[in-house]
Amino acid sequence: MHTLRKYLLGLFLLALVVIASYLIYLKTHPKQLPPNLVMGVGTILGDEINLNTKYPGRIQKIFVHDGSKVEKGQVVAILKSPELQAQKREIQMLIQAKKAEQKATEVQREIAQASLPENVRKALYAKEAKGFAKAQLQKKIDTFQQVVIQDKKDLLRLQNLFQQHLIPKHKLEEAQLKLTKDKNILKALQEQKKEVVSALKAAQSTLDQARSDLKKITMLDYTIDALRKSIDSLEAKKMQIEAMIDELTLRSPVDGYVTQKIANPGEVLGAGMSVVHLIDPKTLYLEIFVDTIHTGKIKVGDKAEIFLDAYPNRPIEAYVARIAKKAEFTPKEVAVRSDRIQKVYAIHLMPNRPNPLLKLGIPAIGIVSLDGKGLVKTLDEVPPL
């Protein structure tokens, strides 16, 4: 029994020696990163989208919360603006009023187009008729003026003959009666001419008025055209307000997810204020920092892989998408293999395809292959930073 105890104690001491030796070996012979690999620790970053308001309004509904998946064009939130709705109704009423006015003016034009040209034609015909009547009267007047002159000559001649007792008295009386009769006819014709001249002036005035009225058609055309332009302007303003109202419905510009909900229903937001923050998974990348020794060896397009702390055995295929042009002092949160390294370059590793495991802001490890070979399958194959 005593011998068995000594034997077990010896085995225990031997095991301690073996374990201690192994730990000393691991300490004195740590894992070495292959020379063709460059490793760095960083943070998952991406192009965060600030979905904000374009116009002031009160939030009526929000359809997402933190972490919600969204599709491009999906309604995220709806704002309400009574002021814009009132402006739209006012413009709609103005458009209706202008259209009614335009319709009434078009009816007036149709009536004018049907009657006014006929009025001008009638007035012109009346003027021409009065002018013709005046000309005919003037011919008669000219004729009777010559007749009266001749009557006077005949009367004078007969008076001389009567004084010489060469003709009977009734011949002289007949000549006097004829002169009186022709004078009366001439006077009547002259009075009739005055009436015709007065009627001709009236006909000319009627014609002038008819022609003036005819211009109303042109004026109505101008009025109709002005109303059309006014309606077009109001329609444009209506479309502008409708576009503003449409902007009150906020839609996701990308396929992604919500990183943060900023506002809540019932809140009044001004123009440009945030409602939610979105992220497009296709824009996510890992930013690591590499010392100047390796920067010159890394090229854009080099193969790489990303490891998350929660999934050390699930490498995410990636490639070098960007190398910073200028070095910067080592950020406090970045781990490097030597304290002597003071300046580093930022390297962006972009996944070959979007991966649902990548989340904005989480830490990750990136490994770059300088020759495209030797990428590891697990973090156990590389030394810790």
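Per this note's numbering, the sequence shown runs over residues 12 to 396.
Note that CB positions come from ideal geometry on N, CA and C, so glycine has one too.
Rounded straight-line distance, which links the Cα of residue j to that of residue i
i: residue 332; j: residue 248; result: 47 Å
i: residue 40; j: residue 50; result: Confidence at residue 40 is low in this model, with a pLDDT of 49, below 50, so the placement of that residue should be treated as unreliable; the coordinate-derived value is given next. Cα-Cα distance, rounded: 19 Å.
i: residue 298; j: residue 373; result: 11 Å
i: residue 155; j: residue 192; result: 11 Å
i: residue 323; j: residue 85; result: 35 Å
i: residue 350; j: residue 371; result: Reliability of the predicted coordinates at residue 350 is poor, the pLDDT of 48 falling under 50, and no value is obtained from them.
i: residue 163; j: residue 194; result: 10 Å
i: residue 236; j: residue 108; result: 15 Å
i: residue 405; j: residue 205; result: A query on residue 405 cannot be resolved here, the shown segment of the chain reaching from 12 to 396 and no further.
i: residue 244; j: residue 91; result: 25 Å
i: residue 397; j: residue 223; result: The structure shown has nothing for residue 397, since the chain only spans 12 to 396.
i: residue 281; j: residue 337; result: 39 Å
i: residue 382; j: residue 312; result: 11 Å
i: residue 139; j: residue 145; result: 10 Å
i: residue 171; j: residue 198; result: 27 Å
i: residue 43; j: residue 394; result: 6 Å
i: residue 360; j: residue 330; result: 5 Å
i: residue 392; j: residue 30; result: 21 Å
i: residue 294; j: residue 263; result: 15 Å
i: residue 67; j: residue 279; result: 7 Å
i: residue 157; j: residue 219; result: 37 Å
i: residue 69; j: residue 258; result: 13 Å
i: residue 99; j: residue 123; result: 36 Å
i: residue 106; j: residue 365; result: 51 Å
Residues near residue i by beta carbon distance below 6 Å, same chain, minus five either side
i: residue 89; result: 71, 72 and 260
i: residue 390; result: 318 and 323
i: residue 186; result: 165, 166 and 169
i: residue 335; result: 356 and 357
Residue range of the unbroken beta strand (DSSP E) whose run includes residue i
i: residue 300; result: 296 to 302
i: residue 361; result: 354 to 362
i: residue 335; result: Taken as a continuous stretch (DSSP letters only), residue 335 belongs to no beta strand (DSSP E), as it is neither H nor E.
i: residue 284; result: That residue, residue 284, is in no beta strand (DSSP E); it is neither H nor E in DSSP.
i: residue 63; result: 59 to 63
i: residue 374; result: 374 to 380
i: residue 274; result: Where residue 274 is concerned, there is no enclosing beta strand (DSSP E), given that its DSSP letter is neither H nor E.
i: residue 389; result: From DSSP, residue 389 is part of no beta strand (DSSP E); its letter is neither H nor E.
i: residue 49; result: 48 to 56
i: residue 68; result: 68 to 73
i: residue 86; result: 86 to 91
i: residue 314; result: 314 to 319
i: residue 261; result: 260 to 262
Option nearest residue i by Cα separation, candidates the options
i: residue 147; options: 92, 187, 207 and 172; result: 207
i: residue 46; options: 270, 391 and 385; result: 385
i: residue 325; options: 369, 312 and 282; result: 369
i: residue 272; options: 246, 74 and 187; result: 74
i: residue 254; options: 106, 62, 76 and 95; result: 95
i: residue 285; options: 295, 241 and 274; result: 274
i: residue 93; options: 252, 44 and 116; result: 252
i: residue 200; options: 184, 223 and 159; result: 159
i: residue 153; options: 196, 123 and 176; result: 196
i: residue 328; options: 363, 337, 338 and 339; result: 363
i: residue 150; options: 179, 173 and 203; result: 203
i: residue 111; options: 241, 339 and 220; result: 241
i: residue 55; options: 219, 367 and 258; result: 367
i: residue 227; options: 387, 182, 314 and 119; result: 119
i: residue 97; options: 256, 44 and 116; result: 256
i: residue 76; options: 68, 124 and 87; result: 87
i: residue 270; options: 288, 198 and 123; result: 288
i: residue 246; options: 101, 124, 173 and 186; result: 101
i: residue 53; options: 339, 296, 124 and 365; result: 296
i: residue 161; options: 190, 184, 293 and 180; result: 190
i: residue 142; options: 27, 209, 388 and 177; result: 209
Same chain, Cβ closer than 7 Å to residue i, five either side skipped, listed in chain order
i: residue 301; result: 49, 51, 309, 355, 356 and 358
i: residue 182; result: 169
i: residue 238; result: 109, 112, 113 and 116
i: residue 173; result: 180 and 183
Cutoff 8 Å; reference residue i; Cβ partners in own chain excluding five residues on either side
i: residue 291; result: 57, 58, 60, 265, 266 and 267
i: residue 103; result: 249
i: residue 283; result: 63, 64 and 65
message: Count Cβ pairs between the segment 211 to 220 and the segment 80 to 97 that sit closer than 8 Å; are there 3 or more?
response: no
query: Should the segment 367 to 379 be called in touch with the segment 315 to 332, which here means at least 3 C-beta pairs below 8 Å?
result: yes
query: Okay, do the segment 148 to 167 and the segment 231 to 241 touch, 3+ Cβ pairs below 8 Å being the bar?
result: no
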